[in-house]
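If you read the sequence shown in the numbering used here, its first letter stands for residue 40, the second for the next number, and so on.
We put the CB at the ideal spot given by N, CA and C, even for glycine.
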Amino acid sequence: MDIRAVVHYAFAAAMISLYGGRVCYLVDTLNILTWTKFLALVFIGAFIARSLLWQRFVGKAPPDAKPMHGFLVDFSMSLAISAFITIYNSSMYGFGAHSGMKVMVGVVAFGFFIAVDSALDEERKLLRESAATGKELGAANKFISLPVRFAIVGTTTIVLVVTIVYLFFARDLLLVGEGPFDDYNAMTGRMSSGLMLLCAVVLAEVVNMVISYSRTMRMHFRHHTAVLLAVAEGDFDQRVPVATKDEFGLMARYTNLMIDTLRSRTSEKQTAEDATKLKDQFVSLVAHDLRSPFNAILGFLKLAARDEQTPLSPKHKELVGRAITNSEMLVKTIDHLLDISRLQTGKMQVEPRFVSPRDLAQTGMDQLAGLAEKKGIAFINSIPASTRLFADPVLIGEIFINLFSNSVKFCKTGDTITAYAPPDAPLAFAVRDTGIGIPNEVLPDLFKPEVKTTSSGTAGEQGTGLGLPFCADIMRAHNGEISVSSEPGWGTVFMLRFPVVEPVVLLCLNGHPPRQALVESLRASGIRAVEAASPDEARWLAVEHTPHLAVIDTDNAAFGGLELLRSLRSDGRTAPLRVLAVTVSDSLQTKMAVLSLKVVGIVDGRGGADEMLKKIIRLI
C-alpha cells in the first residue's frame, strides 16, 4: 500500500470537510456530520479507484514515463472528485454555483499538490532503482528542463491559491455587505477562522511540495557526488543513476559517458604501458646478454688484427677491419639501447645540480678532438663561462658528445662546429655546424627511435640512429626540449632549451659572517637566499624550499649546527642536500667530524661575506 497516498487522501478528506463547513454554513439543509461522512466515503472510493488506475497506467508504463503518469492519475482523480461532489451537493442540498465552485477549486488544489508529490516520489523510486541496477531509465531523446517544470508548478500553485482566496472572500464579503445578520461578530469570526484554516492548509501543502523537491534534488546530488568520488579514486565501474528527463538526467548521462571514456582510455593506457614495460625489459635483457659476447668477439678480432707472429694477409686484414668496425658500431648500438631503456624505465636517475654548460661542451669537444682533427674540422666553444645550468652533468655531457659526434660525421674538411648560447633565448644552448645538412623530409623523424634515419657520413662513417632519440629522452627528463633546423648544403643547428631554475641557498648561520651582508651579495649574484634563525626552522625550510645548497654554522654546540647536519642526513627528503659547513675552528677533530657528515666543503667563517660568496658560487 502507498502510505504517502493514504496520508494525502486522508488529509484532503479532513481539510475539505472543514473547508466545506466553513464555505457552506449558510445552507441550512446541510448537516456537517453528514457532509463529513459523505466526503470520507467519496475519498475512500477515490483512493480505491486511484489504486486500480495506478496499477494500470503507472505500474505498466515505461520507467521514464512513470512520474508523469502518476501525476496525471492523481490530478485526474481530483478533477473527478471535485466534479462529483459539486454535482451531488447541487442536486441534494441545493448548493449554489459559487459554493460549488469553492469546493471544486479546493479539491483540485489538493489534487494538484498530491499529484506533484506523487510524481516526485516516483522519481526518487526510479533513482533508487537506477542506482541499484546501473541501468539508465530516463529517455535520452526527451528533455523537460527544470526551469520549465518549476515555472509550471509555481504558476499553477499561485493561480490556485489566488482563485481560492478570491472565491472565499468575494461571495462572503458581498453577503456581509448586504446584511443584516443576527450575529455580525460570529459571521466575521467564522470568516476569519476559515481564512486562517485556508492559509494553514495551503502553507502546509506548499512546504511539503518544496521539501519533496528538495529531497529529490538532494538524492540526485548525493548519487552524483558519490560516483564522482569513486571515479576520482580510480573506480570506473560506478554509474550515476539516470531516471529523469531534465538537467539532472542529462548531466548524469554525460557523466556516465565520461566514465566510459575514462575507463576505455585508462585501459588503453595500461595496455600501452604494459607493452612498453615488456618491450623495455626485453630490450634491456637482450642488449645486456648481447653486450658481453660482442665485446669478446671484438676483443678476439682486435687480437687477430694485431697478431705479429701469424700476420693476416692484406685481404683478410681488410675483412677483419670491417668486422671490427661493424662490431664496434653494434656494441655502440647496444650501449645506446641500454641507456634509452634505463632512462625510460627510471633505472637511470637524473641527478641535477648547477653546472657549467661551457665545461660540459668543452669536455665533449676534447673527447672528439682526434676525430675532428683527422677530418680537418675545427671546434669553437662560445658558451659564456659565467653561464650556469641546473642539470645532470653526466647526461647533458652525453647530449653534447652525441651532437658533436653527429656534426663531425656530416662535416667536411674546413668546416666548423660551434657551441654557443643564443642571446635571444633564456637558458638555451645550440650546436651549429657548417656541414652538408639534413634533408627536410628526415627532420620530423630524427628523434624517433622507431624510425631509422641514420645515413653514412662524409667519410663513410656509420651510425646507430639512436643517439638523437637518446638526447630527446634526456631533455624530456629535464623538462626541456631539443629541436633542429637544417638547410642542405649549409649546415645544421641543434637547439637545447632548459627550464629556468633560480638557485636557492639555505642559510643557517650564527653570526659569522654577517648574515645580512651575505644575503645582499647572494641577491646581487642572482641567488635567492632562504634564512633560518634556528636549526628547527632550517629543517622545515630544507623540506619546503628544496634548496640547492645549505650553508650551516657548525661551530657553536649550543646552536646545534652539527645536530642539524645529522638530522638532514637521516631524513630521506633532505639526505641528498649539498651542505657547505662554516667554522672558525682550526681543530682537526672538529673538521673530521664535519667531513664525516658528507659536506661538499668547509669554509672559514673569518673570511667574510665575499670569501663565502665565491665559495658558494663555485659550489652552486
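Among the options, nearest to residue i - alpha-carbon criterion
i	options	result
residue 141	150, 121, 130, 157	121
residue 441	342, 403, 469	403
residue 399	434, 367, 409	434
residue 244	301, 150, 175, 468	150
residue 589	630, 656, 623, 563	656
residue 525	75, 470, 374	470
residue 259	633, 315, 364, 167	167
residue 185	625, 287, 197	287
residue 389	172, 352, 515, 304	515
residue 234	252, 203, 256, 254	203
residue 634	649, 306, 617, 506	617
residue 110	125, 84, 152, 274	152
residue 445	411, 342, 625, 239	411
residue 98	115, 165, 139, 117	165
residue 236	303, 450, 145	145
residue 430	85, 369, 535, 345	535
residue 273	261, 302, 290	302
residue 642	571, 623, 631	623
residue 81	114, 305, 124, 92	124
Alpha-carbon spacing of residue i relative to residue j, whole angstroms
i	j	result
residue 264	residue 102	23 Å
residue 64	residue 96	With a pLDDT of only 48 at residue 64, under 50, the local geometry of the prediction cannot be trusted, and the value read off the model is given with reservation. Taking the straight line from one Cα to the other gives about 39 Å.
residue 270	residue 299	11 Å
residue 397	residue 458	8 Å
residue 414	residue 448	9 Å
residue 43	residue 268	33 Å
residue 292	residue 541	48 Å
residue 416	residue 454	5 Å
residue 619	residue 513	29 Å
residue 127	residue 87	20 Å
residue 72	residue 53	12 Å
residue 549	residue 645	13 Å
residue 461	residue 334	41 Å
residue 579	residue 544	14 Å
residue 610	residue 639	18 Å
residue 239	residue 129	28 Å
residue 485	residue 508	7 Å
residue 522	residue 422	18 Å
residue 479	residue 547	55 Å
residue 465	residue 341	47 Å
residue 428	residue 594	32 Å
residue 566	residue 295	51 Å
residue 250	residue 46	16 Å
residue 9	residue 143	This structure leaves residue 9 out entirely; the chain is present only between 40 and 659.
residue 506	residue 366	17 Å
residue 347	residue 356	12 Å
residue 163	residue 172	14 Å
residue 310	residue 317	10 Å
residue 175	residue 279	9 Å
residue 275	residue 401	53 Å
residue 262	residue 256	10 Å
Beta-bridge pairing of residue i - partner residues as DSSP gives them
i	result
residue 520	536
residue 260	Beta-bridge pairing links residue 260 to no other residue.
residue 568	544
residue 515	Per DSSP, none; premise fails for residue 515.
residue 472	456, 531
residue 392	430
residue 81	Bridge partners of residue 81: none, in fact.
residue 525	531
residue 619	590, 640
residue 419	457
residue 467	536
residue 175	281
Any C-beta of chain D under 7 Å from that of residue i
i	result
residue 338	No chain D is part of this structure, which consists of one protein chain only.
Cβ separation of residue i and residue j, assumed to be a contact under 8 Å, to the nearest whole Å
i	j	result
residue 160	residue 247	In fact, because the Cβ distance is near 11 Å, the residues do not count as touching under 8 Å.
residue 241	residue 281	Not a contact, Cβ separation roughly 34 Å.
residue 569	residue 587	The pair is not a contact, with the Cβ atoms about 11 Å apart (cut-off 8 Å).
residue 605	residue 561	Rounded, the Cβ-Cβ distance is 26 Å, inconsistent with contact.
residue 106	residue 158	4 Å
residue 581	residue 613	5 Å
residue 456	residue 418	5 Å
residue 108	residue 100	5 Å
residue 482	residue 443	The pair is not a contact, with the Cβ atoms about 19 Å apart (cut-off 8 Å).
residue 370	residue 337	6 Å
residue 671	residue 284	What the structure shows of the chain is the stretch from 40 to 659, and residue 671 is not part of that stretch, so it cannot be assessed.
Sequence ranges, beta strand (DSSP E) only - wholly within the region 569 to 595, length at least 3: 588 to 592
Runs of beta strand (DSSP E) lying entirely within the region 237 to 325, each at least 3 residues, in chain order: none
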